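Visitor: Take a look at the following structure, please.
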Amino acid sequence: MVAEVTFFILSALALGSAVMVITRRNPVHSALWLIVTLFSVGGVFLILRAPFLFAVQIILYVGGIMVLIIFVIMLVSVDVSGRQQQFSRQWLVGLTTVLILAAELGYALYRGSKGFLLARSAPAAALENNTQAIGTALYQNYMLPVEIASILLLVAMVGAVLMAKRKME
Amino acid sequence: MMPIPPTWCVYLGTGLFTIGVIGVLTRRNVIIILMSIELILNAVNINLVAFSRYFGEVDGQIFAIFVITDAAAEAAVGLGLLIALFRNKETVNADEIDLLKW
Numbered sequence: 009m010v011a012e013v014t015f016f017i018l019s020a021l022a023l024g025s026a027v028m029v030i031t032r033r034n035p036v037h038s039a040l041w042l043i044v045t046l047f048s049v050g051g052v053f054l055i056l057r058a059p060f061l062f063a064v065q066i067i068l069y070v071g072g073i074m075v076l077i078i079f080v081i082m083l084v085s086v087d088v089s090g091r092q093q094q095f096s097r098q099w100l101v102g103l104t105t106v107l108i109l110a111a112e113l114g115y116a117l118y119r120g121s122k123g124f125l126l127a128r129s130a131p132a133a134a135l136e137n138n139t140q141a142i143g144t145a146l147y148q149n150y151m152l153p154v155e156i157a158s159i160l161l162l163v164a165m166v167g168a169v170l171m172a173k174r175k176m177e
Numbered sequence: 179m180m181p182i183p184p185t186w187c188v189y190l191g192t193g194l195f196t197i198g199v200i201g202v203l204t205r206r207n208v209i210i211i212l213m214s215i216e217l218i219l220n221a222v223n224i225n226l227v228a229f230s231r232y233f234g235e236v237d238g239q240i241f242a243i244f245v246i247t248d249a250a251a252e253a254a255v256g257l258g259l260l261i262a263l264f265r266n267k268e269t270v271n272a273d274e275i276d277l278l279k280w
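Shown next as structure tokens:
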């Protein structure tokens, strides 16, 4: 009962602040609302028995990516974007397309929601010692993907430095 | 304790995904488009963690970690591109970035 109520509150918070993210004119306000969304999603992770991902969400998303985004907002001067129009020229076409997509997704979920019931019988005990299980899986079964992810991060780092460098000689 | 139904998590993920796609398609500011992409990736993570919970396996959470890694890489490269763009064109407006259009 407590879990259900908490889930509803966190969902409402996540969806509401997500709407605020895409409607604010000032990008700094958007970034602050996005932090609220990320915290709510982290809370949902906690309800779903994923405490390690909750920590990763807060440390990496809120502490890393959001700080990076706010830094870049400071670099590219907010007042320029405050004066121009908020939504793009094709916003009506985009909104219509997305609403059709949402209707399709909602209809498919509504019709197919019985299919999720088979997933329900799993024992909760399998997710005990969450962090230990994730560490074991990462360094045993998912060895190669971890290496590929590290190469991806290296390439992204070099790419970001190259892009943001002042001049190419 | 009975876990919350997986359908609820999928609905939450769908809602976040839809809001993110609306942000990508309708906003002009490139920074907000990048933030909307983060919303979409978070929606994916909710689904992965939810099904990891209901199948009692940890693999979904591993995939969520890889998605977060990709989000970090994407944010770094995207913001680097944005800085380069702002230095050359003095704009963060997606409508004015039309150098490759005819």
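Chain order of the listed sequences is A and B.
Quick note on numbering: the first sequence equals residues 9 to 177 in this note's numbering.
Quick note on numbering: the second sequence equals residues 179 to 280 in this note's numbering.
Heads up, the beta-carbon is just placed ideally off N, CA and C, and yes, glycines get one too.
Note that this is a predicted model, so its numbers are computed, not measured.
Please confirm if A/L152 has its CB atom under 8 Å from at least one CB of chain B.
Guide: By this cut-off, A/L152 is not an interface position.
Visitor: What residues from the stretch 218-232 of chain B come within 8 Å of chain A, judged by C-beta to C-beta, listed N to C?
Guide: So the list reads N220, N223, I224, V227, A228, F229, S230, R231 and Y232, given in the order they occur along the chain.
Visitor: Cβ closer than 9 Å: which chain B residues qualify as neighbours of A/I77?
Guide: Correct list: I209, L212, M213, E216, A253 and L257.
Visitor: Taking all protein chains shown into account, decide if B/T196 is buried (16 or more other Cβ within 10 angstroms of its Cβ) or exposed.
Guide: Flag for B/T196 reads buried.
Visitor: Where do the ends of the alpha helix (DSSP H) carrying B/Y189 lie?
Guide: Looking at the DSSP string, the run of the alpha helix (DSSP H) that includes B/Y189 is P184 to T204.
Visitor: When the cut-off is 8 Å and only beta carbons count, does B/I121 lie next to chain A?
Guide: This structure does not reach residue 121 of chain B, given that chain B is present from 179 up to 280, and the question cannot be answered.
Visitor: Which stretch, first to last residue, makes up the alpha helix (DSSP H) that contains B/K258?
Guide: Inspection of the sequence shows that residue 258 of chain B is occupied by Gly rather than by Lys. Its alpha helix (DSSP H) spans residues D237 to K267.
Visitor: Skipping 5 residues on each side, what residues in its chain have a beta carbon closer than 8 Å to that of B/G201?
Guide: Answer for B/G201: I210, I211, M213, S214 and L217, listed in chain order.
Visitor: Within 8 Å, do at least three Cβ pairs link the stretch 158-172 of chain A to the stretch 97-109 of chain A?
Guide: The stretch 97-109 of chain A is not in contact with the stretch 158-172 of chain A.
Visitor: Does chain B have any CB closer than 8 Å to the CB of A/E155?
Guide: Closer than 8 Å: no.
Visitor: Does the stretch 248-260 of chain B come close enough to the stretch 63-73 of chain A that 3 or more CB-CB pairs lie under 8 Å?
Guide: With the cut-off at 8 Å, the stretch 63-73 of chain A and the stretch 248-260 of chain B touch.
Visitor: Can you name, in chain order, every residue of its own chain whose Cβ lies under 7 Å from the Cβ of A/P153, other than the five neighbours on each side?
Guide: Excluding sequence neighbours, A/P153 sits near nothing in its chain.
Visitor: List the residues that DSSP assigns as beta-bridge partners of A/F47.
Guide: The partner list for A/F47 (beta bridge, DSSP) is empty, contrary to what the question assumes.
Visitor: Distance check for B/D273 and B/F244, CA to CA, integer angstroms please.
Guide: So the two alpha carbons sit approximately 32 Å from each other.
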